[in-house]
Amino acid sequence: MAESITITDNRTGESLEIPFQNGGIAASDWSKLLPGVWFYDPGFVSTAACESAITYLDGEAGILRYRGYPIEQLAEKSTFLEVAYLLLNSELPTPEQYQVWQHDITHHTFIHENVRKRFLDGFHYDAHPMGMLVSAVAALSTFYSDAKDIFDIESRNKQIVRLIAKMPTLAAAAHRFSVGMPFVYPDNSLEFASNFLSMMWKTAEPRFDANPALARALDILFILHADHEQNCSTTAMRVVGSSHADPYSATAAAAAALYGPRHGGANEAVIRMLTEIGSIDNVESFVASIKAGHGRLQGFGHRVYKSYDPRAKIIKKTADEVFEITGKNPLLDIALKLEEIALSDEYFISRKLYPNVDFYSGLIYQAMGFPLEMFPVLFAIPRTAGWLAHWQEMLDQDSKIARPRQLYIGAPPRDYVGMSDR
Ligand code: CMC
Numbered sequence: 001m002a003e004s005i006t007i008t009d010n011r012t013g014e015s016l017e018i019p020f021q022n023g024g025i026a027a028s029d030w031s032k033l034l035p036g037v038w039f040y041d042p043g044f045v046s047t048a049a050c051e052s053a054i055t056y057l058d059g060e061a062g063i064l065r066y067r068g069y070p071i072e073q074l075a076e077k078s079t080f081l082e083v084a085y086l087l088l089n090s091e092l093p094t095p096e097q098y099q100v101w102q103h104d105i106t107h108h109t110f111i112h113e114n115v116r117k118r119f120l121d122g123f124h125y126d127a128h129p130m131g132m133l134v135s136a137v138a139a140l141s142t143f144y145s146d147a148k149d150i151f152d153i154e155s156r157n158k159q160i161v162r163l164i165a166k167m168p169t170l171a172a173a174a175h176r177f178s179v180g181m182p183f184v185y186p187d188n189s190l191e192f193a194s195n196f197l198s199m200m201w202k203t204a205e206p207r208f209d210a211n212p213a214l215a216r217a218l219d220i221l222f223i224l225h226a227d228h229e230q231n232c233s234t235t236a237m238r239v240v241g242s243s244h245a246d247p248y249s250a251t252a253a254a255a256a257a258l259y260g261p262r263h264g265g266a267n268e269a270v271i272r273m274l275t276e277i278g279s280i281d282n283v284e285s286f287v288a289s290i291k292a293g294h295g296r297l298q299g300f301g302h303r304v305y306k307s308y309d310p311r312a313k314i315i316k317k318t319a320d321e322v323f324e325i326t327g328k329n330p331l332l333d334i335a336l337k338l339e340e341i342a343l344s345d346e347y348f349i350s351r352k353l354y355p356n357v358d359f360y361s362g363l364i365y366q367a368m369g370f371p372l373e374m375f376p377v378l379f380a381i382p383r384t385a386g387w388l389a390h391w392q393e394m395l396d397q398d399s400k401i402a403r404p405r406q407l408y409i410g411a412p413p414r415d416y417v418g419m420s421d422r
């Protein structure tokens, strides 16, 4: 069987045979036969924008792997910092490599005092922490002028470490500001997740020791959110990075993409939806209203997964472990009922709509005491590792600047009419 396809331009009768390449067809080859004819694909639903060796995702089978390792094994046995190393370096670290990596991340958690005192303190009192995070990450580019040396590997690695390390510090600082609490400095004796929890919750005690089971649950959530191949925010990272902008500016763009309710804002929307439903007695009528076209079931459906999101399965289990410590989130029963009804309803079955990663993650975050506004921020912290892995891969591939074509549907040529004649 020939590993190729043949296309024919019926206007001219000309044909072209194009080989399959890693399961795809090079659009530049099509263009040889069809110069000036663009492939119309809004939302990039049928377009592979790059080759990538980072994450494998099979949406039909519900499979997710980072660098070949199943997400289930990583969530059970690994740590977020180890996974971040894996995403960025292709391989799991040796004990010596891990020690250096952990040391580097731990010793870059502090932020410049001006970022906190002048920049973050300048926000309006009710600023959304995600808006603060997006702006603060962009502002960091002005503190590290060496960040522009993106092809200097030493400088590039330094920015990667800085970004992964400072994200929890900025995230917690944004939260503390929004509730009027004093900033808590990082504690370098703590692990990544525990350190973040300390910066979030510490009050007057000399040292904040998070419940180890809650810190581990958060670390698992970080692992699950670390990467997801060419999603909206990663695409933003690659697009902005393709112009050779510095990594802080590109990461700020990625975080801005994550802010939207169709992406990283979905877990916040899930809690708002469950709160609005209010009781399991209202679930059936709520589902009926969704089917009638009144909005969407938040935390359901995915562009790529057409079966149960493997991350949602792990999160559901983690939720039970968290609720044993924090007490059950009262919205859980509504969520379970909603899932039960939706999964047996023809509307959702025929459209292959299943719970995604965000359906249960918000319930955990809420039970752990995080305010709703922090949910997208909690997503951005670990996804920074994935964004940077893609940014680095894109630079190493010497990829072209992202610049799609369009199909023009506007007015034909016409002459300017002076204002008095309109
Ligand atoms: N509730 C009800 N109907 C839905 C939903 C939903 N959550 N999602 C899709 N549909 C319907 C949609 O109305 C359409 O029906 P029809 O064919 O009759 O017009 C069909 O399913 C296909 O929908 P689509 O909009 O073409 O699908 P998409 O791949 O463009 O959208 C999505 C994917 C995630 C944006 C969408 O499923 C959605 O809005 N879900 C709710 C928000 C959400 O949970 N987002 C988090 C995604 S996972 C984490 C992340 O990536 O950040």
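The C-terminal position of the sequence shown is numbered 422 in the numbering used here, with every residue numbered one higher than the one before it.
Glycine included, every Cβ here is placed at the ideal spot set by N, Cα and C.
Predicted, not measured: the structure shown is a model, and the values here were computed from it.
- G24 has Q21 as its beta-bridge partners, per DSSP.
- Cβ neighbours of L332 within its own chain (closer than 8 Å, five residues either side excluded): A319, F323, L363.
- Taking every protein chain shown into account, the CB of E82 has 16 or more other CB atoms within 10 angstroms, so this residue is buried.
- At the C-beta level, Q366 and R156 stay beyond 8 Å of one another.
- Judged by DSSP secondary structure, I5 falls within the beta strand (DSSP E) whose first and last residues are 4–9.
- Taking C-alpha positions only, R311 is separated from N356 by approximately 7 Å.
- For R65, the enclosing beta strand (DSSP E) stretches over residues 63–66.
- Just measuring C-alpha positions, the residue of G410, P376, L395, R414 sitting nearest V134 is P376.
- If you draw a straight line from the Cα of S90 to the Cα of Q73, it is about 16 Å long.
- Measuring C-alpha to C-alpha distances from Q298 to each of G278, L86, A335, S279 identifies A335 as the nearest.
- Boundaries of the beta strand (DSSP E) harbouring Y56: 55–58, taken from the DSSP string.
- Counting the other Cβ atoms within 10 Å of the Cβ of T109 gives 16 or more, which makes it buried.
- Sorted by position in the chain, N231, R262, H263, G264, A266, I290, R296, L297, Q298, G299, F300, G301, H302, R303, R351, L353, N356, V357, D358 make up the residues whose C-beta lies under 6 Å from a heavy atom of ligand 1.
- Looking from the CA of F379, the closest CA among E51, D41, S78, M130 belongs to M130.
- Segment contact: the stretch 271–284 against the stretch 182–202, fewer than three CB-CB distances shorter than 8 Å; contact not assigned.
- With contact defined as three or more Cβ pairs closer than 8 Å, the stretch 164–183 and the stretch 101–119 are in contact.
- Distance from the Cα of D29 is smallest, within the candidate group S52, G13, Y40, I5, for I5.
- With a threshold of 16 other beta carbon atoms within 10 Å, H302 meets it and is buried.
- Per the DSSP secondary-structure output, Y69 pairs in a beta bridge with Y66.
- In this structure, the CA atom of K352 is about 17 Å from the CA atom of G293.
- The stretch 228–246 makes no contact with the stretch 203–220; the number of CB pairs closer than 8 Å stays below 3.
- Contact between V287 and D358 is ruled out by a C-beta separation of about 18 Å, above the 8 Å threshold.
- Looking at the backbone, the Cα of F300 and that of G59 are separated by about 14 Å.
- In the three-state reduction of the DSSP assignment, F44 falls in the helix class, which pools H, G and I.
- Where V270 is concerned, the enclosing alpha helix (DSSP H) starts and stops at 266–277.
- The beta carbon of R238 lies closer than 6 Å to those of H390, M394 in the same chain, with the five residues before and after it left out.
- G62 places its beta carbon 8 Å or farther from that of Y416.
- T234 is the residue among E268, M273, V270, T234 whose C-alpha sits nearest the C-alpha of A256.
- When rounded, the separation of the alpha-carbon atoms in Y185 and Y259 is 26 Å.
- Judged by beta-carbon spacing, S78 lies beyond the 8 Å limit of I315, meaning their Cβ atoms are not closer than that value.
- Around E339, the same chain offers P355, F359 as residues with beta carbons nearer than 8 Å, after the five sequence neighbours per side are excluded.
- Cα atoms of P330 and A266: separation of roughly 19 Å, rounded to the nearest angstrom.
- Here the C-alpha atom of S243 lies approximately 36 Å from the C-alpha atom of P95.
- The beta carbon of D41 is closer than 6 Å to those of T47 in its chain, skipping five residues each way along the sequence.
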